[in-house]
Amino acid sequence: MAQRIGDNLTDVKLKNRSLVLRLVKKRTLLSRIELARTTGLTQPTITNIANELISSRMLYEVGTSDTKAGRKPILLSFNERAFYTIAIAFTRRGFSIALTDLGPNILYRRDSSYSILDNTDSALLELQKEFIHVLEYATQSLRLILGIGICSPGPVDPETCTILAHPTFLSHRSLDLRSPLSEYDLPIFLMNDADAACLHETWNGAGKEVRNLVYFMVGEGVGAGVVIDGKLYGGRKRRAGEIGHTCVNTFGPRCVCGNRGCLEMYCGLLVLLERAREEAWFGKSSFLQNVLAKEEDIRFSHLVQGAENNDPACMDLLGNLGQYMGTGLVNLVNLYAPDMVVIGGEAVLAQPFLEVSLRRSLEERLFFRDYAQPVLRYSQGGKDAVLLGAASIVLDRFIAGELGRF
Ligand SMILES: [Zn+2]
Numbered sequence: 357m358a359q360r361i362g363d364n365l366t367d368v369k370l371k372n373r374s375l376v377l378r379l380v381k382k383r384t385l386l387s388r389i390e391l392a393r394t395t396g397l398t399q400p401t402i403t404n405i406a407n408e409l410i411s412s413r414m415l416y417e418v419g420t421s422d423t424k425a426g427r428k429p430i431l432l433s434f435n436e437r438a439f440y441t442i443a444i445a446f447t448r449r450g451f452s453i454a455l456t457d458l459g460p461n462i463l464y465r466r467d468s469s470y471s472i473l474d475n476t477d478s479a480l481l482e483l484q485k486e487f488i489h490v491l492e493y494a495t496q497s498l499r500l501i502l503g504i505g506i507c508s509p510g511p512v513d514p515e516t517c518t519i520l521a522h523p524t525f526l527s528h529r530s531l532d533l534r535s536p537l538s539e540y541d542l543p544i545f546l547m548n549d550a551d552a553a554c555l556h557e558t559w560n561g562a563g564k565e566v567r568n569l570v571y572f573m574v575g576e577g578v579g580a581g582v583v584i585d586g587k588l589y590g591g592r593k594r595r596a597g598e599i600g601h602t603c604v605n606t607f608g609p610r611c612v613c614g615n616r617g618c619l620e621m622y623c624g625l626l627v628l629l630e631r632a633r634e635e636a637w638f639g640k641s642s643f644l645q646n647v648l649a650k651e652e653d654i655r656f657s658h659l660v661q662g663a664e665n666n667d668p669a670c671m672d673l674l675g676n677l678g679q680y681m682g683t684g685l686v687n688l689v690n691l692y693a694p695d696m697v698v699i700g701g702e703a704v705l706a707q708p709f710l711e712v713s714l715r716r717s718l719e720e721r722l723f724f725r726d727y728a729q730p731v732l733r734y735s736q737g738g739k740d741a742v743l744l745g746a747a748s749i750v751l752d753r754f755i756a757g758e759l760g761r762f
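Heads up: the sequence shown begins at 357 in the working numbering, then just goes up one per residue.
Here's what the structure looks like:
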């Protein structure tokens, strides 16, 4: 059947409600007059939509705004507790599962160290077990759960809800997440972790009001989420944004993806920590040697602590990280010309040590650098950015009107 491109009257109604919800959610408080002005819809239309959304508990009225004269307009706010989501975030070391509201705020969470890398079958059983714990917690509000948002590192197929096979992932197996979760009759959405964290940034972070955004995520893996003209760009099979597997050294070592000298091999934190261990073993850093004597392993936060204590090896490692991240950043800005770049992932912990390298890269290496400078920000999502990203997938579909709730 041909895709319908026209709008029927019911579609127009849905679009307008979606627009009003989107604006109130992003701007926090808005009067009906401001809504009419911003959307270009007539005041009676806005009044109708607002009344419908208030009666279905998606918006509520609060206080008054300050105007100089006349009757003070009542402000509208988005009801974060109108519905809930279940968010699942896979990392390379385990997964977290949470009940969230539409803030999204995490209301209840379970963290598991079962890694789908190590043992897919036990991890899936563990996921089902933890999922039931979350449902039990949500017992009073079960009918208000909109859906399950899942994100994972590596390539995913959102249509079949499958984490795809990857050489370092799942022992060459692809993982269908729909089967273990299908019995709960909730819509399931899967996204790559960088895309999901990027989406969260557009709802709750620095990227709220930006039309063109790049979220550059540097953690154990390196990836990017790209928003073009207000929409998350997916490309064919949602594979866009794999900046970590762009080549920065044609003659470099072979990467797991098949390419050579991939960016991830130079600024992925797994590689960086491997180098930090070598520095400790070869006696080049007393700070890191001390860490290894006391702790099981060196973590990225140790490198940041070392740099704060002026340990030369840690400062060198972070300096190197900043330079390679700068290279990736310039490549992203040259490709997508974003208004803003948000740096995310665990690397954000080292912000004071990266800032100079990143700015210098933009000032010295960017094409058309006097005109093309984007705003540079750092994600405030902390370690929960990806889990909140998973919840944001459901929030995003809900506000787009795709979940049939308004
Ligand atoms: Zn690669």
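Idealized CB from N, CA, C, for every residue including glycine.
Ligand 1 site residues, beta-carbon cut 5 Å against heavy atoms: H601, C611, C613, N615, C618
Pull up the CB-CB distance for I444 and L455, whole angstroms please, since I reckon it's below 8 Å. That pair is no contact at about 11 Å.
Can you tell me which of A747, I699, D752, L688 puts its alpha carbon nearest to the alpha carbon of L722? L688
Use the C-beta contact count for D585: other C-beta atoms within 10 angstroms, 16 or more gives buried, fewer gives exposed. exposed
If you reduce the DSSP assignment to three classes, tell me which class N461 lands in. If DSSP states are grouped into helix, strand and coil, N461 belongs with coil.
Can you tell me whether A756 is buried or exposed, with buried defined as 16 or more other CB within 10 angstroms of its CB? exposed
Would you call the segment 473-491 and the segment 404-422 in contact, with 3 or more CB pairs under 8 Å? no
Please state whether the Cβ-Cβ distance between S748 and H556 is less than 8 Å. Taking 8 Å as the cut-off, the beta carbon of S748 is found closer than this to the beta carbon of H556.
Which residue's Cα is closest to the Cα of L498: G563, Q484, D457, T602? D457
By DSSP, does V578 sit in helix, in strand, or in coil? strand
Alpha-carbon to alpha-carbon, N548 and S530: Each residue's CA atom was taken as its position, placing S530 and N548 some 14 Å apart.
What does a CB cutoff of less than 7 Å around S374 pick up in its chain, not counting 5 residues either side in sequence? The residues are I755, A756, G757.
In this structure, how does DSSP classify N568 when only helix, strand and coil are distinguished? coil
Can you tell which of A580, R465, G639 has its C-alpha closest to the C-alpha of D740? Residue nearest to D740 within the set A580, R465, G639 is R465 (criterion: CA-CA distance).
For D653, count the other beta carbons within 10 Å of its own beta carbon; 16 or more makes it buried, fewer makes it exposed. Which is it? exposed
Would you report the Cα separation of D667 and L710, rounded to the nearest angstrom? 16 Å
Determine which residues share a DSSP beta bridge with R610 and list them. R616
State the Cα-Cα distance for the pair T395 and I389, rounded to the nearest angstrom. 10 Å
Could you give the C-beta distance for Y680 and L619, rounded to a whole number, given that I count them as a contact under 8 Å? 7 Å
What's the gap between the Cα of D695 and the Cα of V376? D695 and V376 have their C-alpha atoms spaced approximately 24 Å apart.
What does a CB cutoff of less than 6 Å around A636 pick up in its chain, not counting 5 residues either side in sequence? L644, Q645, L648
Leaving out the 5 sequence neighbours to the left and right, which residues in its chain are closer than 6 Å to L759 when beta-carbon positions are compared? L502, R753
Could you tell me the boundaries of the beta strand (DSSP E) in which N605 lies? Premise fails: N605 is in no beta strand (DSSP E) and is neither H nor E.
Around the Cβ of D363, are there at least 16 other Cβ atoms within 10 angstroms (buried) or fewer (exposed)? exposed
Less than 8 Å between the C-beta atoms of L629 and L677, yes or no? no
Taking the alpha-carbon positions, what's the L365 to E719 distance? The C-alpha of E719 is placed about 50 Å away from the C-alpha of L365.
Buried/exposed call for I699, threshold 16 Cβ in 10 Å: buried
Helix, strand or coil: how does DSSP classify T678 here? Per the sequence shown, the amino acid found at residue 678 is Gly instead of Thr. DSSP places G678 in helix when its eight states are reduced to three.
Contact under 8 Å by Cβ, I405 with N372: In terms of Cβ geometry, I405 and N372 form a close pair [threshold 8 Å].
I'd like the span of the alpha helix (DSSP H) that includes I405, first residue to last. 399-411
Just to check my reading of the structure: T447 and P509 have Cβ atoms closer than 8 Å, yes? What is that Cβ distance to the nearest angstrom? Indeed, because the Cβ distance is near 7 Å, the residues count as touching under 8 Å.
What is the rounded straight-line gap between the Cα of E482 and the Cα of S535? 14 Å
If you draw a straight line from the C-alpha of K428 to the C-alpha of F762, how long is it? 29 Å
According to the neighbour-count rule (16 or more other Cβ atoms, all chains shown, within 10 Å of its Cβ), is S641 buried or exposed? With a threshold of 16 other beta carbon atoms within 10 Å, S641 meets it and is buried.
What are the boundary residues of the alpha helix (DSSP H) that includes G505? Note, G505: premise wrong, no alpha helix (DSSP H); beta strand (DSSP E) at 501-508.
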